[in-house]
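J.: For the sequence shown, this note's numbering assigns the number 59 to the initial residue and increments by one for each residue that follows.
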Amino acid sequence: MIRLAIQKSGRLSEDSLSLIRECGIGFLSSTFKLKTEATNFPLEILFLRDDDIPGYVQDGVADLGIVGQNVLVEAGLMPLEVEPLGFSKCRLSLAVPRGQAYDSVNDLQGKNIATSYPQLLGSYLAERGVQAHLHTISGSVEIAPSIGLADAICDIVSSGSTLLGNGLREVETVFRSEAVLIANQNLSAEKQELLDQLRFRMQAVRRARR
Ligand code: ATP
Ligand code: ZN
Numbered sequence: 059m060i061r062l063a064i065q066k067s068g069r070l071s072e073d074s075l076s077l078i079r080e081c082g083i084g085f086l087s088s089t090f091k092l093k094t095e096a097t098n099f100p101l102e103i104l105f106l107r108d109d110d111i112p113g114y115v116q117d118g119v120a121d122l123g124i125v126g127q128n129v130l131v132e133a134g135l136m137p138l139e140v141e142p143l144g145f146s147k148c149r150l151s152l153a154v155p156r157g158q159a160y161d162s163v164n165d166l167q168g169k170n171i172a173t174s175y176p177q178l179l180g181s182y183l184a185e186r187g188v189q190a191h192l193h194t195i196s197g198s199v200e201i202a203p204s205i206g207l208a209d210a211i212c213d214i215v216s217s218g219s220t221l222l223g224n225g226l227r228e229v230e231t232v233f234r235s236e237a238v239l240i241a242n243q244n245l246s247a248e249k250q251e252l253l254d255q256l257r258f259r260m261q262a263v264r265r266a267r268r
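1) What is the residue span of the alpha helix (DSSP H) that Leu-75 lies within?
2) So, at 6 Å on beta carbons, what are the nonlocal neighbours of Gln-116 in its own chain, with the 5 sequence-adjacent residues on each side left out?
3) Please list, in chain order, all residues of the same chain as Glu-80 whose beta carbon is under 7 Å from its beta carbon, the five residues on each side excluded.
4) Going by C-alpha to C-alpha distance, which of Leu-226, Lys-249, Ser-146 sits closest to Ile-72?
5) Would DSSP call Ile-211 helix, strand or coil?
6) Around the Cβ of Leu-86, are there at least 16 other Cβ atoms within 10 angstroms (buried) or fewer (exposed)?
7) In angstroms with no decimal places, state the Cα-to-Cα distance between Leu-150 and Met-260.
8) Run through the DSSP bridge pairs and tell me what Glu-141 is partnered with.
9) Beta-carbon separation of Glu-200 and Asp-209 under 7 Å?
10) Report yes or no: do three or more beta-carbon pairs, one from the region 99-109 and one from the region 62-69, lie closer than 8 Å?
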């Protein structure tokens with residue numbers, strides 16, 4: 059039996075469940091349960107908050123997980139990635155108030171920037187020689203400039219409508235992300251064999267979708 063952790067409820071949940079079903083794996087899902095067992099594959103599915111998934115896979119609480127690369131890289135656990143999954147595509151972007159002049163990333167020198175991704179943003183700025191004050195907040199990052207908490211923000215964007223609605227303009231792409239399959243690095247031979255079977259099926263599903 060191999061354990062796969064997926065997001066309990068959020069932007070990854072539905073596509074993660076569809077992928078498992080399209081791999082020919084059947085299971086009963088209930089919105090109240092924290093785990094479920096597949097009916098025709100030795101798989102147990104755990105439903106967790108996405109932010110907790112990389113750490114649980116690293117520690118072996120779960121063998122496998124599905125998370126956004128943004129969360130994986132922010133946690134510093136890139137080596138766990140085994141397979142890109144092609145859904146939940148989004149980008150981590152810098153945005154400034156619409157009326158504010160902006161030419162290049164150098165304009166952020168010494169500014170206050172609100173983000174939930176201090177590691178990803180910190181390395182992006184450091185590579186460009188920009189020193190800014192990063193304020194880590196866990197949600198509603200896009201309102202920070204309007205309440206005077208920050209001069210700029212760095213947040214996940216897909217369409218840009220949330221930024222627009224908050225009077226912000228996207229100025230730089232910091233990181234491009236999609237959902238990825240991650241795996242513990244010390245799987246037993248049996249679990250490694252199950253992972254190989256799952257990856258094979260996932261690759262076939264992706265090819266069929268194209
Ligand atoms: P949780 O309660 O599990 O912590 P969350 O609020 O942190 O959930 P979601 O907003 O559900 O997370 O996003 C989960 C992941 O989906 C993100 O980490 C990112 O990889 C991806 N994602 C976020 N926003 C979008 C979007 N607008 N379009 C596509 N993918 C997105
Ligand atoms: Zn989260």
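The beta-carbon is built from N, C-alpha and C at its ideal position, and this holds for glycine as well.
These numbers come from a predicted model, not from an experiment.
T.: Here's the rundown:
1) Bounds of the alpha helix (DSSP H) holding Leu-75 are 71-80.
2) Cβ neighbours of Gln-116 within its own chain (closer than 6 Å, five residues either side excluded): Leu-135.
3) Excluding residues within five positions, the ones whose Cβ falls inside 7 Å are Val-263.
4) The amino acid occupying residue 72 in the given sequence is Glu; Ile does not appear at that position. Considering only alpha carbons, the answer is Ser-146.
5) Ile-211: strand per DSSP, three-state reduction.
6) Under this definition Leu-86 is an exposed residue.
7) Leu-150 and Met-260: Cα-Cα distance of roughly 26 Å.
8) Answer by DSSP bridge pairing, in chain order: Leu-239.
9) Taking 7 Å as the Cβ cut-off, Glu-200 and Asp-209 do not qualify as a contacting pair.
10) For the pair of segments examined, the region 99-109 was found to touch the region 62-69: the number of CB pairs separated by less than 8 Å reaches three.
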